[in-house]
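With the first letter of the sequence shown counted as 1, position 223 gets the number 234 in our numbering; the numbers rise by one all the way through. Some notes on the structure that comes next.
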Amino acid sequence: MSAVTDRMRLAYMYGGLVSYGPGEALGPRVLTDWEFVLILEGQVRYLANGRQYAAPPGSAILARPGFHEAYQWDETSRTRHAYFHFDIAELPADWPDPEAWPVVRSKPVPVIAALFRHVMDRIFLHPEWPAEPPHAEDCRAVETLISLFIQEQITESGQFERNRPEPVNKAVKWMREVIDETPQLNVRLGDLAIAAGCSEKHLCRLFQQTFGHSPMQTLRLLRLQLSLTLVVRTNLPIKQIARRCGFDDPLYFSRSFSQWFGKSPSEVRLGLKQGLPPPVNPLPVDITPRVHW
Numbered sequence: 012m013s014a015v016t017d018r019m020r021l022a023y024m025y026g027g028l029v030s031y032g033p034g035e036a037l038g039p040r041v042l043t044d045w046e047f048v049l050i051l052e053g054q055v056r057y058l059a060n061g062r063q064y065a066a067p068p069g070s071a072i073l074a075r076p077g078f079h080e081a082y083q084w085d086e087t088s089r090t091r092h093a094y095f096h097f098d099i100a101e102l103p104a105d106w107p108d109p110e111a112w113p114v115v116r117s118k119p120v121p122v123i124a125a126l127f128r129h130v131m132d133r134i135f136l137h138p139e140w141p142a143e144p145p146h147a148e149d150c151r152a153v154e155t156l157i158s159l160f161i162q163e164q165i166t167e168s169g170q171f172e173r174n175r176p177e178p179v180n181k182a183v184k185w186m187r188e189v190i191d192e193t194p195q196l197n198v199r200l201g202d203l204a205i206a207a208g209c210s211e212k213h214l215c216r217l218f219q220q221t222f223g224h225s226p227m228q229t230l231r232l233l234r235l236q237l238s239l240t241l242v243v244r245t246n247l248p249i250k251q252i253a254r255r256c257g258f259d260d261p262l263y264f265s266r267s268f269s270q271w272f273g274k275s276p277s278e279v280r281l282g283l284k285q286g287l288p289p290p291v292n293p294l295p296v297d298i299t300p301r302v303h304w
């Protein structure tokens with residue numbers, strides 16, 4: 012039984028790389044420790060405790076002690092996979108029960124494969140394993156790898172790039188530059204259309220489809236989004252925050268802030284002292300103007 016602590020500690024770890032010919036199989040068997048598997052080549056079927064999982068190339072499998080398991084390798088071509096066995100001596104206290112962990116990720120986020128390869132490199136550098144326990148930094152690498160694997164909020168198809176229309180990207184880039192360099196500039200819809208390289212009507216339609224707001228509304232929300240960060244992360248006076256974000260009138264700024272976020276800047280700061288979370292950003296975080304003052 013694993014102890015509960017702040018960080019993961021492994022009792023041992025070892026692994027390797029193996030190939031199987033077409034139609035071969037592994038198991039059935041009962042697993043006595045943990046095993047992490049990364050499928051490199053071949054279409055694999057993994058059977059565990061009466062369930063069957065498809066595991067195409069790139070899939071990651073995390074098998075737990077006590078699993079009644081079998082692997083059915085590709086029927087028509089070679090199968091290759093990397094694996095490492097380990098035993099968990101101490102488990103992070105804030106993790107969910109291992110019984111609730113996923114078993115297979117058929118399209119894991121790319122960093123999982125990169126971390127897996129790093130762990131394998133560490134294994135190959137340590138011939139004294141598993142007779143000796145892994146070092147603390149190696150336990151942390153495995154902890155991060157498993158944490159990424161079990162987090163449901165990281166979608167398998169997730170990607171950091173945003174596929175927004177190019178006129179929207181150009182207009183947003185120009186908005187951010189204005190807020191960064193000349194926040195008091197009086198911006199008109201025509202200015203945004205010129206920056207975007209399209210008509211005002213087309214730009215309004217694209218912004219509505221992308222953000223649910225008009226271009227001018229989006230500009231105002233960008234100013235408010237930056238102001239929220241400055242309210243939360245700095246001790247700047249409200250008047251200074253207003254001017255930094257392009258509001259000449261601090262009272263108008265406070266009213267605009269309150270109308271959108273449901274609280275005034277002062278109320279947000281008071282809530283933070285009481286342990287309350289800040290309001291949610293009105294726009295995607297990746298378009299937030301540069302935070303400086």
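Ideal Cβ placement from N, Cα and C applies to all residues, glycine included.
1. Where does residue 255 land, buried or exposed, given buried means 16+ other C-beta within 10 angstroms?
2. For residue 143, count neighbouring C-beta atoms within 10 Å of its own C-beta (all shown protein chains included) and say buried if the count is 16 or more, exposed if not.
3. Apart from the five residues just before and just after residue 184, which ones in its own chain have a Cβ nearer than 8 Å to its Cβ?
4. Can you confirm whether the region 75 to 91 touches the region 49 to 58 when touching is taken to mean that 3 or more C-beta pairs between the two stretches lie within less than 8 Å?
5. Are residue 95 and residue 135 closer than 7 Å when you measure CB to CB?
6. State the beta-bridge partners of residue 30 as determined by DSSP.
7. For residue 185, which beta-bridge partners are listed by DSSP?
8. Does the region 63 to 70 come within contact of the region 26 to 39, defined as at least 3 CB pairs closer than 8 Å?
9. Identify the continuous alpha helix (DSSP H) that holds residue 129 and give its terminal residues.
10. CB-CB under 7 Å to residue 247, same chain, minus the five flanking residues each way: which ones, in chain order?
11. How about residue 133 and residue 149: are their beta carbons less than 7 Å apart?
12. Under a Cβ-count criterion, where at least 16 other Cβ atoms within 10 Å of its own Cβ denotes burial, should residue 265 be classed as buried or exposed?
13. Is residue 110 helix, strand or coil by DSSP?
14. Span of the beta strand (DSSP E) holding residue 307?
15. Can you give me the C-alpha to C-alpha distance between residue 168 and residue 120, rounded to a whole angstrom?
16. Quick one: grab the DSSP three-state call for residue 169.
17. If you draw a straight line from the C-alpha of residue 231 to the C-alpha of residue 224, how long is it?
18. Rounded to the nearest angstrom, what separates residue 113 and residue 157 at their Cα positions?
19. Less than 7 Å separating the beta-carbons of residue 226 and residue 214?
20. Since residue 55 is in the beta strand (DSSP E), which residue starts that stretch and which ends it?
21. Less than 6 Å between C-beta atoms, sequence neighbours within five positions excluded: which residues of the same chain meet that for residue 298?
22. Could you tell me the boundaries of the alpha helix (DSSP H) in which residue 271 lies?
23. So, with DSSP's three-state summary, where would you put residue 79?
24. Report all residues from its chain with a CB closer than 6 Å to the CB of residue 35; omit the five preceding and five following residues, and keep chain order.
The answer reads as follows:
1. Flag for residue 255 reads buried.
2. Around the CB of residue 143, fewer than 16 other CB atoms lie within 10 Å, so the residue is classed as exposed.
3. Here the set comprises 206.
4. The region 49 to 58 and the region 75 to 91 touch, with no fewer than 3 CB-CB distances between them shorter than 8 Å.
5. Taking 7 Å as the Cβ cut-off, residue 95 and residue 135 do not qualify as a contacting pair.
6. Answer by DSSP bridge pairing, in chain order: 91.
7. Looking at the DSSP output, residue 185 shares a beta bridge with no other residue.
8. Verdict: no, contact absent.
9. Per DSSP, the unbroken alpha helix (DSSP H) holding residue 129 starts and ends at 121 to 135.
10. By the criterion of a C-beta distance shorter than 7 Å, residue 247 is surrounded in its chain by 241 and 304, once the five residues flanking it on both sides are discounted.
11. Contact flag set, yes.
12. Flag for residue 265 reads buried.
13. Residue 110: helix per DSSP, three-state reduction.
14. It is not possible to answer for residue 307, since the shown part of the chain is limited to 12 through 304.
15. Low local confidence applies: a pLDDT of 44 at residue 168 is under 50, so the model's placement there is unreliable, and no value is given.
16. Caution applies to residue 169, whose pLDDT of 46 falls short of 50 and renders its modelled position unreliable; the value that the coordinates give is listed next. Correct three-state label for residue 169: coil.
17. Distance between the alpha carbons of residue 231 and residue 224: 10 Å.
18. Between the alpha carbons of residue 113 and residue 157 lies a gap of roughly 10 Å.
19. Against a cut-off of 7 Å, the Cβ pair of residue 214 and residue 226 comes out as a contact.
20. Looking at the DSSP string, the run of the beta strand (DSSP E) that includes residue 55 is 55 to 59.
21. Hits under 6 Å: 183.
22. Residue 271: member of the alpha helix (DSSP H) spanning 261 to 272, first to last residue.
23. Here DSSP, grouped into helix, strand and coil, assigns residue 79 to strand.
24. Listed in chain order, the non-local C-beta contacts of residue 35 below 6 Å within the same chain comprise 84, local neighbours out to five positions each way being set aside.
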